[in-house]
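Trainee:
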Amino acid sequence: MNKADLSDVYRDYIACLNKQDWPNLGRFVHDDVYYNGQRIGLSGYREMLERDFSEIPDLHFNIQLLVSDSPYIASRLAFLCTPKGKFLGLNVNGKTVSFTENVFYQFQGGKIEHVWSVIDKAAIEAQL
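Written as structure tokens, this is what we have:
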């Protein structure tokens, strides 16, 4: 898959997340996906995302930076959202916070097989 195609697939994946179009998640995510080194599978990945949207009703993924080097994508995602209660162990409790996530993806067969994610927790702590 070339860089442009991979970037397009990734943008479609982010659109799928933002629409919470869970039945189509399997178009983008491998059945045996790994998240931060742990195999959670497509069902575990979907559960994680559904939980995120339940705990953060206004969650929206905004691509701030995107670099493609097939089979990898590196992305910096920006968030401005209002978690209902605890988030990353922090008592956010309905306060609007801004933070970023640096995330790397490895694709296999046109689908995300590995995800490595780091959320800027310090930025949230500074706002509380």
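Numbered according to the UniProt record's numbering, the sequence shown spans residues 1 to 128. By construction, the Cβ of each residue, glycine as well, lies at the ideal position given by its N, Cα and C atoms.
#1: Quick one: what's got a C-beta closer than 8 angstroms to V118's C-beta in the same chain, skipping five residues either side?
#2: Considering only DSSP beta bridges, list what V67 is partnered with.
#3: Grouping DSSP H, G and I as helix and E and B as strand, with all else coil, what is F28?
#4: According to the Cβ coordinates, are residue 132 and N24 closer than 9 angstroms?
#5: Can you give the Cα-Cα distance for Y45 and A122, rounded to whole angstroms?
#6: Reducing DSSP to helix, strand and coil, say where K95 ends up.
#7: Tell me the DSSP secondary structure of K121 in three-state form.
Mentor: Working from what's here:
#1: E101, N102 and V103
#2: A74
#3: coil
#4: This structure does not reach residue 132, given that the chain is present from 1 up to 128, and the question cannot be answered.
#5: 25 angstroms
#6: coil
#7: helix
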